[in-house]
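Enquirer: Dropping a structure here in structure tokens format, bear with me for questions.
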Amino acid sequence: MEIAAAMSSDTSSHHLFDTPIGRCGIVWKGDAVQRVCFPEVVPAEMEPRSNGAEADRAVRPPATIRRVMARLVAVLEGRPDTLQDIPLDLTAVPPFHAQIYHAAQQIPWGRTVTYGELAQSVGRPGAARAVGQAMARNPFPLLVPCHRVLAAGRRIGGFTAPQGTDLKQRLLAREGVHLDANAVNNAAAPAANSSFDPNIAVEHLVRVDRRLARLIAQVGPCRLQPNRLQSPFEALAESIVYQQLTGKAAATIYGRLRQLCHRPRVLRPAHILTATTAALRSVGLSRAKVAALQDLAAKAQARVVPSLAALQQLDDEAVIERLTTIRGIGRWTVEMLLIFRLGRPDVLPVHDYGVRKGFAKAYGHAALPTPKALAAHGERWRPYRTVAAWYLWRAVDGAAVG
Numbered sequence: 157m158e159i160a161a162a163m164s165s166d167t168s169s170h171h172l173f174d175t176p177i178g179r180c181g182i183v184w185k186g187d188a189v190q191r192v193c194f195p196e197v198v199p200a201e202m203e204p205r206s207n208g209a210e211a212d213r214a215v216r217p218p219a220t221i222r223r224v225m226a227r228l229v230a231v232l233e234g235r236p237d238t239l240q241d242i243p244l245d246l247t248a249v250p251p252f253h254a255q256i257y258h259a260a261q262q263i264p265w266g267r268t269v270t271y272g273e274l275a276q277s278v279g280r281p282g283a284a285r286a287v288g289q290a291m292a293r294n295p296f297p298l299l300v301p302c303h304r305v306l307a308a309g310r311r312i313g314g315f316t317a318p319q320g321t322d323l324k325q326r327l328l329a330r331e332g333v334h335l336d337a338n339a340v341n342n343a344a345a346p347a348a349n350s351s352f353d354p355n356i357a358v359e360h361l362v363r364v365d366r367r368l369a370r371l372i373a374q375v376g377p378c379r380l381q382p383n384r385l386q387s388p389f390e391a392l393a394e395s396i397v398y399q400q401l402t403g404k405a406a407a408t409i410y411g412r413l414r415q416l417c418h419r420p421r422v423l424r425p426a427h428i429l430t431a432t433t434a435a436l437r438s439v440g441l442s443r444a445k446v447a448a449l450q451d452l453a454a455k456a457q458a459r460v461v462p463s464l465a466a467l468q469q470l471d472d473e474a475v476i477e478r479l480t481t482i483r484g485i486g487r488w489t490v491e492m493l494l495i496f497r498l499g500r501p502d503v504l505p506v507h508d509y510g511v512r513k514g515f516a517k518a519y520g521h522a523a524l525p526t527p528k529a530l531a532a533h534g535e536r537w538r539p540y541r542t543v544a545a546w547y548l549w550r551a552v553d554g555a556a557v558g
């Protein structure tokens, strides 16, 4: 795999092209590919404008990029091609991910490896989950053949393309790889959606931000441990109860709510929907919180609130868009779910007071940053903004920042 260290052009260009699976997009700079976009995830800025005057930086791709597009179409038609000689621009990719992409590109046509085997091939035998994270964030699908990477036991694992594991199976089938029914039916959610390697995240943050590196050195290892014991419904119900209350008061009310529901092992929508409004109010809930819980329960039964397995298949913004349709659930609440329940690695709650206060303390600012300024600074922390936020919370907890 060729890594483009220097490009002949300072700006990126993009183009849309038709393939057997739909209209795809390609982004390049010079002769190096920066991104390949499958249908349904083509960014809005790549779509032609209505007047046609400035469509998708409407430049004719150079001959090198036209050849790449033709080869991608051929691969999607089932014609063998390793694509290993196509130069990729990895300047914005974390070093560990670049290692993984290089190793994955060596997987031959018609062959598969597991997350664990790929981790071992780069000298990180315990980093299978981090490999899953890299695969989920692969900006070069097909060029870096993440569809050839499987979960343990040859389970199909995850695939973040819009058609999900169905597309992964079709791509493998075109290469002569057929998984048995157990491998498909017992498919695990993508490793990147279930966990990530905090050590790799810390390595990245220390490399890209000296100020944050000082805080990390003072706090020590990241101890963020997502709690996956609750269902999404139960986690959101608890969040509604806890809103605008001290921890002790909220815990008391939540305990009364569970007692009203006969202390179930798992709180379910039916428990809320069968309770009267008066009964729910009697445990100390405000009218607004009762209405929010009832809306949450109704939408959970209607499957607007997905199961944990279904939620793990959605990207962060899709989860936020879906769950903020529930009364009383805002973006911050869903961000906390993404961080502390789903273990997502790249969530930066820019409106969170603790994160903003921790940033001001760590960077020596007298005033809190605006959400916009914090978001702009946080771009350098991608794809591990969750870990950065965790360290900023620790600054508020009392870490001395020099």
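Note that the sequence shown covers residues 157 to 558 in this note's numbering. We put the CB at the ideal spot given by N, CA and C, even for glycine. Note that this is a predicted model, so its numbers are computed, not measured.
1. Alpha carbons only, please: which of Pro281, Val287, Met492, His334 is nearest the one belonging to Arg267?
2. Would you mind stating whether Ile485 and Leu494 have Cβ atoms separated by less than 8 Å?
3. Between Pro297, Phe352, Gln255, which has its C-alpha nearest Ser277's C-alpha?
4. Leaving out five residues before and five after Asn383 in sequence, what residues of the same chain have Cβ atoms less than 8 Å from its Cβ?
5. Residues in the same chain with beta-carbon distance under 8 Å from Val506, minus the five sequence neighbours each way, listed in chain order, please.
6. If you run the structure through DSSP and keep just helix, strand and coil, what is Gly282?
7. For my contact list, Ala518 and Leu368 are in at a C-beta cut-off of 8 Å; report their separation, rounded to the angstrom.
8. Please report the Cβ distance between Gln261 and Val300, rounded to the nearest whole angstrom; I am assuming they are in contact, meaning their Cβ atoms lie under 8 Å.
9. Touching or not, the stretch 272-288 and the stretch 301-308, by the rule of three or more beta carbon pairs under 8 Å?
10. CA-CA distance, Glu210 and Trp184?
11. Closer than 8 Å by C-beta to Phe389: which residues in its own chain qualify, once you throw out the five before and the five after it? Chain order, please.
12. Below 8 Å on the Cβ atoms is my guess for Arg483 versus Val439; work out the distance and round it to an integer in Å.
13. If distances are taken between C-alpha atoms only, which option among Arg437, Leu228, Thr481 comes closest to Phe173?
14. In the DSSP assignment, find the unbroken alpha helix (DSSP H) run with Gly510 in it and report its ends.
15. Quick one: is Ala474 buried, meaning 16 or more other Cβ sit within 10 Å of its Cβ, or exposed?
16. Is it buried or exposed, Glu477, if we count other Cβ atoms within 10 angstroms and call 16 or more buried?
17. Identify, in the order they occur along the chain, each residue of the same chain with its Cβ nearer than 6 Å to the Cβ of Asn349, setting aside the five sequence neighbours on each side.
18. What are the boundary residues of the alpha helix (DSSP H) that includes Gly403?
19. Select from Pro297, Phe296, Val269, Leu298 the residue whose C-alpha is nearest the C-alpha of Ala284.
20. Spatial neighbours of Gly178 within its chain, please: C-beta separation below 6 Å, excluding the five flanking residues on both sides.
21. Where Ala448 and Ile396 are concerned, what is the direct C-alpha to C-alpha distance, given to the nearest angstrom?
22. In three-state terms, what does DSSP make of His334?
23. Go ahead and pull the three-state DSSP assignment for Cys378.
24. Across which residues does DSSP place Ser169 in a beta bridge pair?
25. When DSSP builds the beta bridges, which residues end up paired with Arg424?
26. Give the list of continuous alpha helix (DSSP H) stretches no shorter than 4 residues that lie fully inside the stretch 251-309.
27. Please classify Gly332 as buried or exposed, where buried requires at least 16 neighbouring CB atoms within 10 angstroms.
28. For Leu441, which residues does DSSP report across the bridge?
29. Give, in chain order, every unbroken run of the alpha helix (DSSP H) that is at least 4 residues long and sits entirely within the stretch 529-556.
30. Buried or exposed, going by whether 16 or more other CB atoms sit within 10 Å of the CB of Asn342?
31. Taking Cβ to Cβ, would you say Thr542 is nearer than 8 Å to Val503?
32. Can you tell me whether Thr321 is buried or exposed? The criterion is at least 16 other CB atoms within 10 Å of its CB, across all chains shown.
33. Classify Gln457 as helix, strand or coil using the three-state DSSP reduction.
34. Which same chain residues end up closer than 8 Å to Leu401 when comparing Cβ atoms and leaving out the 5 residues on each side of it in sequence?
35. Tell me, please, which residues DSSP counts as bridged to Val192.
36. Of the residues Leu464, Ala188, Ala290, which one's Cα is nearest the Cα of Ala391?
Expert: Per the coordinate set shown:
1. His334
2. no
3. Gln255
4. Phe496, Arg497
5. Arg512, Pro527, Lys528, Leu530, Ala531, Gly534
6. coil
7. 7 Å
8. 5 Å
9. yes
10. Only weak support exists for where Glu210 lies, its pLDDT of 42 falling under 50; the value from the coordinates is given anyway. Cα to Cα, Glu210 sits roughly 18 Å from Trp184.
11. Leu423, Arg424, Pro425, Leu452, Ala453, Ala456, Val461
12. Going by Cβ atoms, the distance from Arg483 to Val439 rounds to 19 Å, so no, they are not a contact pair.
13. Leu228
14. 509-518
15. exposed
16. exposed
17. Here the model assigns Asn349 a pLDDT of 41, short of 50, so the residue's position is not dependable, and the following value carries that caveat. So the qualifying residues of the chain are Gln468.
18. 403-416
19. Val269
20. Pro195
21. 7 Å
22. coil
23. coil
24. Trp184
25. Arg424 is not bridged to any residue.
26. 251-261, 271-277, 284-292
27. exposed
28. None; Leu441 has no bridge partner.
29. 541-553
30. Note on Asn342: pLDDT 44, under 50, position unreliable in the model; the coordinate value appears next. It is exposed - the Cβ of Asn342 has fewer than 16 other Cβ atoms within 10 Å.
31. yes
32. buried
33. helix
34. Ile409
35. Ile182
36. Leu464
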